[in-house]
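If you use mature numbering (1 follows the signal peptide of the UniProt record, and there is no 0), the sequence shown corresponds to residues -25 to -1, 1 to 296, in order.
Each remark here refers to the structure printed beneath this line.
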Amino acid sequence: MIKLFFKYALTFTVLLTGFSYQSRAQGVQAEAKLDRVAIKIGEQTQLHFIARFHAKDKVDFPALADSIGKIQIVSVKVDTTFDKDDVSLETIRHNYTITAFDSGNYTIPAYAFHAPGGDVKTQPLTLQVTTVAVDTTKAAYDIKQPLAISYTFMDWLRDNWVWVVAGLAAILIIAGIIYYIRKRPKKEVVVEAPQPVIPPHVTALQKLAELRDKKLWQQEQTKQYHTELSDVVREYLESRYAIQAQEQTSDEIFASLRHMDITDANRNILRQLLVLADLVKFAKEKPLPHENEQSLDNAVAFVNNTKQVIQTPVIKEEDKK
C-alpha cells in the first residue's frame, strides 16, 4: 500500500508540474507580421516581431543579423506598452525596417521566442520583391543643351530678399544693443552679506518633516512617497559624505560608504529604506503601513545619528588676557 501511495503521488506531481509549465508557456503570445507583403526593388517595409506576456516573465526575442537571406535590415526600433485594462500585461514590439535589391519571392522563416514555459514560434512569412517596369517601346531622345538666360541684380534680390532683410535687421539690432549699453545708467554694486550655511542634516530633517506632513502613502501615493524619501536621503549623503549618491544605485552607494565612519546599525537602517524604495519604484512592491512609517523613522534616525557636529572653539582664560 505504501509503494502504491508513493507511485500515485509521484505521478500526480509530474502531471501538475507539466500542467503549470505548459500554462506558463501558453501565457506568452508571439507573432510576426509585415506591413506590406509586396514591394518594388529598393522600397522599404516594416517587419514586426510582437510578444505579449505577463510583465513578471522574461521573454527573449530572436536575434537577427544584418540580413535575412537577400532581405536587408536597415534599422530596428523597440517599443514597449502595457495593457490599459491590465497593467500586468506587457507588449514588446521589435520593428525592423527591411528592403531588398533583387526581385523574387523571399521567405522569412519561423522564429522562436524563448519564454519561461518553453519556446513560442511565429509563422513563416513571404515577401515579394518586383522589378520596376521599363517601357521599351518609346524611342530614346538626345539630351537637350541648357538654355542661357539673363540673371540681373533685381532677379538676385528677388531670390535672396529674405537674407538681405535678415542682415539689415541684425545690423540694426546690434547697433541698438551697443547704443543701449553705452547710454544706460551705471548701477551701483551692492555687496550682499553672505548667507549662513545651513548644515546638511538641518535641511534633510526639514524636508523629512515636510514629507511626513504630505501623507502621501496614506493617499495611495506609495511610489511618490518612497521616491521623495529616497531623494532626500541621497541628497543628504551627497552633502555629508561627498559622494555622487543621486547618480548611483543603492549598491553603488553602499560601496562608496564602505570606508566611511558609519556604524553597522546605521548602515542597516540606510539599507532598509533604500532597498524598500527600490522595490516600490522598480518592482511594484506594496509595503505595509508600518513599513512605510518605519522607512521615514529610519531616515530621521540615520540623519540624526550621522550628522556632523561642529565643534565650537573654547577660549581659555589665559587667551583672553
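Cβ atoms here follow ideal geometry from the backbone N, Cα and C, with glycine treated the same way.
Remember, predicted model here, so these are calculated numbers, not experimental data.
- If you draw a 10 Å sphere on the C-beta of Phe88, you find 16 or more other C-beta atoms in it, and that means buried.
- For His201, the secondary structure class from DSSP, reduced to helix, strand or coil, is helix.
- Ranked by Cα distance from Val207, the options Gln221, Glu266, Ile43 are led by Gln221.
- Taking one beta carbon from each stretch, the region 156 to 174 and the region 254 to 269 have fewer than 3 pairs nearer than 8 angstroms; the two do not touch.
- Residue pairing by DSSP places Ser50 opposite Thr72 in a beta bridge.
- Taking 7 angstroms as the cut-off, the beta carbon of Ile48 is found no closer than this to the beta carbon of Tyr81.
- Rounded to whole angstroms, the separation of the alpha carbons of Thr127 and Gln120 is 22 angstroms.
- Per DSSP, the beta-bridge partners of Gln4 are Arg27.
- In the three-state reduction of the DSSP assignment, Val104 falls in the strand class.
- In this structure, the alpha-carbon of Leu64 lies about 40 angstroms from that of Arg233.
- Note that the region 247 to 254 touches the region 196 to 207; at least 3 beta-carbon pairs, one per stretch, sit closer than 8 angstroms.
- Secondary-structure assignment with DSSP links Lys15 through a beta bridge to Thr105.
- Within the model, the alpha-carbon separation for Gln247 versus Ile173 is close to 27 angstroms.
- In the displayed model, His234 falls within coil according to three-state DSSP, outside both helix and strand.
- Assignment of Phe57 by DSSP, reduced to helix, strand and coil, places it in the strand class.
- By the neighbour-count criterion, in which a residue is buried when 16 or more other Cβ atoms sit within 10 angstroms of its Cβ, Asn267 is buried.
- Asp32 carries a coil assignment under DSSP once its states are collapsed to helix, strand and coil.
- Contact annotation: Ile244 and Asn273 have beta-carbon atoms nearer than 7 angstroms.
- For the pair of segments examined, the region 25 to 35 was found to touch the region 54 to 68: the number of CB pairs separated by less than 8 angstroms reaches three.
- A distance below 7 angstroms between beta-carbons, with the five flanking residues on each side excluded, links Phe76 to the following residues of its chain, in chain order: Ile16, Gly17.
- Taking 7 angstroms as the cut-off, the Cβ atoms of Leu100 and Ile83 count as close.
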